[in-house]
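A quick write-up on the structure given underneath.
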Amino acid sequence: MSSSSWIQDLARAVTSREGLRRSLSLTEDEEGYFAALSRDNHAGPGLSLRIPSSYLDLCTDHPDDPLRRQCVPRRQEFDRQPWEDDDPLLEVAHTPRPRLIHRYRDRALFLATDTCAMYCRHCFRRYFTGKQRGPATGEEIARAAAWAGQTPSLRELILSGGDPLTLKDEDLKAIFLAFRAARPDLVFRVATRVPVVLPGRITPELSRLLRQQTPLVVVTQFNHPRELSPPSTRALEALVDAGIPLFNQTVLLRGVNDHPDTLEELFRGLVVRRVTPYYLFQGDLAPGTAHHRVPLGEATEIFSTLRRRLSGIALPTFAVDLPQGGGKIPLYPESLSRREPGWYHLQSLDGTWFRYPDEAFAGEIDPGADSRPESSVKIK
Numbered sequence: 039m040s041s042s043s044w045i046q047d048l049a050r051a052v053t054s055r056e057g058l059r060r061s062l063s064l065t066e067d068e069e070g071y072f073a074a075l076s077r078d079n080h081a082g083p084g085l086s087l088r089i090p091s092s093y094l095d096l097c098t099d100h101p102d103d104p105l106r107r108q109c110v111p112r113r114q115e116f117d118r119q120p121w122e123d124d125d126p127l128l129e130v131a132h133t134p135r136p137r138l139i140h141r142y143r144d145r146a147l148f149l150a151t152d153t154c155a156m157y158c159r160h161c162f163r164r165y166f167t168g169k170q171r172g173p174a175t176g177e178e179i180a181r182a183a184a185w186a187g188q189t190p191s192l193r194e195l196i197l198s199g200g201d202p203l204t205l206k207d208e209d210l211k212a213i214f215l216a217f218r219a220a221r222p223d224l225v226f227r228v229a230t231r232v233p234v235v236l237p238g239r240i241t242p243e244l245s246r247l248l249r250q251q252t253p254l255v256v257v258t259q260f261n262h263p264r265e266l267s268p269p270s271t272r273a274l275e276a277l278v279d280a281g282i283p284l285f286n287q288t289v290l291l292r293g294v295n296d297h298p299d300t301l302e303e304l305f306r307g308l309v310v311r312r313v314t315p316y317y318l319f320q321g322d323l324a325p326g327t328a329h330h331r332v333p334l335g336e337a338t339e340i341f342s343t344l345r346r347r348l349s350g351i352a353l354p355t356f357a358v359d360l361p362q363g364g365g366k367i368p369l370y371p372e373s374l375s376r377r378e379p380g381w382y383h384l385q386s387l388d389g390t391w392f393r394y395p396d397e398a399f400a401g402e403i404d405p406g407a408d409s410r411p412e413s414s415v416k417i418k
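Here this note's numbering is used: the first residue of the sequence shown is 39, the next is one more, and so on.
Right under this line is the structure:
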């Protein structure tokens, strides 16, 4: 196989209803998405459609297939909840340079491209992803790298997007070189779903390029055991054998992995493939994604079961990103001890209390309530 064949694979990805119909019998909800898209003058709910054949081939014709739910849009994407936000992590407000997000003191995230190999239907960065902005320009890279050189508290740079591994090797290398020249001590973290959805992208040339950027880690997103296909397994092996540490961040998704048995199989399968389960994330409050989210109370029960079953090397941290930029916090059943009708009260790491919707009782949620109770008073 040619080292550039992944480019042709990506070009042949399914991007339309007609393309989907050639592989799947679309359900009423799936057809409803495209009908609503036509009525909405193709503006849509904010996320493009793209599914590589390597992932679509893993999907079945069952209407509730867990892989299909991640990639085929449904009409529920047009249902926006009052507590959802276009920018649920408040990234835009923490952008010191174009495409650079700085929410935590020692880490920054660079949006290398807005393109993904596959547009996951649970995506939280819909305000940016798939908007035809393309790769970062030379000027954007230079300005972000200069900022990194002037920010001594920075220790890690996360390359994200979009998916940075959809860039050609030479474009990816240019980003690494710019930041490494400004900050030789930076740890690079590459956030990607390519090993899951386009495993042919993991070529020997790419593995060598990533290895040359050490210290560097790759963080993948496998959400279901069936995604650990033979091609994906080979892609993971190629990276690990090249000396690249691998971590995985799973998103808890309704109808995909919202059962302890499914997650246990996934996390054990990752460990066997020498990938460390790093985080299990509660789905973010992005618009049109409520049908993907698991209510928080149910989610903590699932994780409690996993804590009893899995050893430390197979158990990720269960976490949620608080609304309005409250940051990431670990979640346990005891985290949900404070609540009011329709809302949980969750405490950020700096002591601020935030409201988080209890979507198991959505009818109790006051849509006009601020997500920060007690006037955002920090608890001493």
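By construction, the Cβ of each residue, glycine as well, lies at the ideal position given by its N, Cα and C atoms.
Give me, in chain order, the residues of the same chain whose beta-carbon lies closer than 7 Å to that of F399; leave out the 5 immediate sequence neighbours on both sides. G380
C-alpha distance - E115 paired with A219, whole-angstrom precision: 43 Å
Give me, in chain order, the residues of the same chain whose beta-carbon lies closer than 7 Å to that of W185; leave out the 5 immediate sequence neighbours on both sides. P134, R135, L138
Coil, strand or helix - K366 by DSSP: strand
Any chance the segment 372 to 386 sits against the segment 342 to 354, with 3 or more Cβ pairs inside 8 Å? no
For G281, which of S63, Y316, L244, V52 has the nearest alpha-carbon? L244
Can you tell me which of Q119, L290, Y93, E275 puts its alpha carbon nearest to the alpha carbon of R312? E275
Boundaries of the alpha helix (DSSP H) in which P268 is found, first to last residue: 268 to 279
Report, in whole angstroms, the separation of the C-beta atoms of D404 and G335, which I expect to be a contact under 8 Å. Rounded, the Cβ-Cβ distance is 18 Å, inconsistent with contact.
Put Q108 into one of helix, strand or coil per three-state DSSP. helix
Inter-residue spacing [alpha-carbon to alpha-carbon] between V110 and A155: 14 Å
Going by the CB atoms, is the gap between F356 and L318 shorter than 8 Å? yes
According to DSSP, is W381 part of a helix, a strand, or is it coil? strand
For S76, report the span of its alpha helix (DSSP H) as first-last. 66 to 77
Within its chain, find whatever has a CB closer than 6 Å to the CB of Y165; leave out the 5 residues flanking it on each side and keep chain order. D124, D125
Which class does V291 belong to by DSSP, given the choice of helix, strand or coil? Note that residue 291 is Leu in the sequence shown, not Val. Note: L291 maps to coil in three-state DSSP.
Three or more C-beta pairs below 8 Å linking the segment 314 to 330 and the segment 145 to 152: no
So is A146 buried or exposed if we call it buried at 16+ other beta carbons inside 10 Å? buried
Give me, in chain order, the residues of the same chain whose beta-carbon lies closer than 8 Å to that of Y316; leave out the 5 immediate sequence neighbours on both sides. V257, F285, N286, Q287, P354, T355
Which residues DSSP lists as bridging L360, in chain order: G365
Work out the CA separation of I179 and L224 for me, nearest whole Å. 15 Å
From P190 to R50, what distance separates their C-alpha atoms? 44 Å
Integer-rounded CB distance, given that R292 should sit under 8 Å from R331: 6 Å
Taking all protein chains shown into account, do 16 or more other C-beta atoms lie within 10 angstroms of the C-beta of P449, making it buried, or fewer, making it exposed? Nothing can be reported for residue 449, as the shown portion of the chain is limited to 39 through 418.
Since G363 contacts R141 with CB under 8 Å, what's their CB separation in whole angstroms? 7 Å
Y316 (DSSP reduced to helix, strand or coil): strand
Taking all protein chains shown into account, decide if T422 is buried (16 or more other Cβ within 10 angstroms of its Cβ) or exposed. Residue 422 cannot be examined here, being either before or after the span of the chain that is shown, 39 to 418.
Where are the beta strand (DSSP E) runs, 3 residues long or more, that stay fully inside the segment 195 to 272, in chain order? 225 to 229, 254 to 258
Helix, strand or coil: which one does DSSP assign to F285? strand
Between which two residues does the beta strand (DSSP E) harbouring I139 extend? 138 to 142
Between the alpha carbons of T65 and A212, how many angstroms are there, rounded? 44 Å
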